[in-house]
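Colleague:
Residue numbers (UniProt numbering): 1 to 150.
1. Measuring only the C-alpha atoms, how far is residue 46 from residue 23?
2. For residue 67, which residues in the same chain have their Cβ closer than 8 Å to its Cβ, ignoring the five residues on either side in sequence?
3. Measuring straight from C-alpha to C-alpha, what distance separates residue 19 and residue 40?
4. Apart from the five residues just before and just after residue 5, which ones in its own chain have a Cβ nearer than 6 Å to its Cβ?
5. Do residue 60 and residue 32 have their C-beta atoms within less than 7 Å of each other?
6. Among residues of its own chain, excluding the 5 on either side of residue 127, which ones have a beta-carbon nearer than 8 Å to its beta-carbon?
7. Report the rounded CA-to-CA distance for residue 138 versus residue 108, giving the unit in angstroms.
8. Spatial neighbours of residue 28 within its chain, please: C-beta separation below 7 Å, excluding the five flanking residues on both sides.
9. For residue 59, report the span of its alpha helix (DSSP H) as first-last.
10. In three-state terms, what does DSSP make of residue 36?
11. Quick check on residue 43: does DSSP put it in helix, strand or coil?
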């Protein structure tokens, strides 16, 4: 999740709930212009998470002084939101959206009225499922089925 924080300009609605809530809170509390990205190779916090030896950290300039661009006072913002959508590292934080192929041939105004009266695609699927079951049962195409749609 912390990988997504470097780009506060993204739309949180495409994220999973936990990440979406965190990113939304951060966006509400800060300005986008205040955010800068530090690549992982230049991030002192990542040194510890990679398990550096305590003896080596004493001589690690990155740990004690931070990235060189901070010392030069030349901070560059690398907030490129389009890179996030293409990067596999970020994909696990995005919501999964079902992509079922749908083909519908409409004959008559009755079907159009059913489509127009359904508030969501899921609701439309349920209504059409019940209609198909009714037609099959009426024609005795298959054995009569009852109960929940599976």
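For each residue, glycine too, the CB sits at the ideal point set by N, CA and C.
Modeller: Checking against the coordinates, here is how it stands:
1. Here residue 46 refers to the residue found at position 46 of the chain shown. Here residue 23 refers to the residue found at position 23 of the chain shown. Residue 46 and residue 23 have their C-alpha atoms spaced approximately 21 Å apart.
2. Walking along the chain shown from the start, residue 67 turns up at place 67. Taken in chain order, the residues that qualify are 38, 42, 43 and 44.
3. Counting from 1 along the chain shown, the entry for residue 19 is found at position 19. Counting from 1 along the chain shown, the entry for residue 40 is found at position 40. Answer to the nearest angstrom: the Cα atoms are 20 Å apart.
4. The residue given as residue 5 occupies position 5 in the chain shown. Confidence at residue 5 is low in this model, with a pLDDT of 47, below 50, so its placement is unreliable and the value that follows should be read with caution. So no residue of the chain qualifies.
5. Position 60 of the chain shown holds residue 60. Position 32 of the chain shown holds residue 32. Contact: no.
6. Locating residue 127 in the chain shown gives position 127, counting from the first residue. Counting only Cβ-Cβ distances below 8 Å, and skipping sequence neighbours, we find 114 and 118.
7. Position 138 of the chain shown holds residue 138. Position 108 of the chain shown holds residue 108. The straight-line gap from Cα to Cα measures roughly 20 Å.
8. Within the chain shown, the letter at position 28 stands for residue 28. Nothing meets the Cβ criterion.
9. Taking the chain shown and counting its residues from 1, the one referred to as residue 59 is at position 59. Element bounds for residue 59: n/a, residue is neither H nor E.
10. Counted from its first residue, the chain shown places residue 36 at position 36. In the structure shown, residue 36 sits in coil (DSSP, three-state: anything other than H, G, I, E or B).
11. By 1-based counting over the chain shown, the position of residue 43 is 43. In the structure shown, residue 43 sits in coil (DSSP, three-state: anything other than H, G, I, E or B).
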